[in-house]
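The opening residue of the sequence shown carries number 430 in the numbering used here; numbering runs sequentially from there.
These notes are about the structure you will find just below.
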Amino acid sequence: MRVASSTSARGEVLEVRVHPEDLGRVIGRAGRTAKALRTLVSALADGKRVRVDVVDTDS
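Printed below as a string of structure tokens:
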């Protein structure tokens, strides 16, 4: 897993790169784990706009 940060016109972007075999674990059942990760990041963002993208390493 790798996490990269970049800035766009819409705010900060955190890109979480995972191996394709682990993508299901990171996203979780019905997206619950990914949603929890996004909720945690937004709580820590202190009012700033932060987008979390989960992508596999093949793309």
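Backbone N, C-alpha and C fix where the C-beta goes; we use that ideal spot for every residue, glycine too.
Pick out whichever of L452, V481 and D485 has its Cα sitting closest to the Cα of S434. The residue with the shortest Cα to Cα distance from S434 is V481.
Expressed to the nearest angstrom, what Euclidean distance is found between the alpha-carbon atoms of E441 and V483? For the pair E441 and V483, the Cα-to-Cα distance works out to about 14 Å.
As assigned by DSSP and simplified to three states, the class of R458: Residue state, collapsed to three classes: helix.
Just to confirm, is the Cβ distance from L452 to D475 under 8 Å? No, the Cβ-Cβ distance between L452 and D475 is not below 8 Å.
Below 8 Å on the Cβ atoms is my guess for L443 versus V455; work out the distance and round it to an integer in Å. Wrong, their Cβ atoms sit about 13 Å apart, outside the cutoff.
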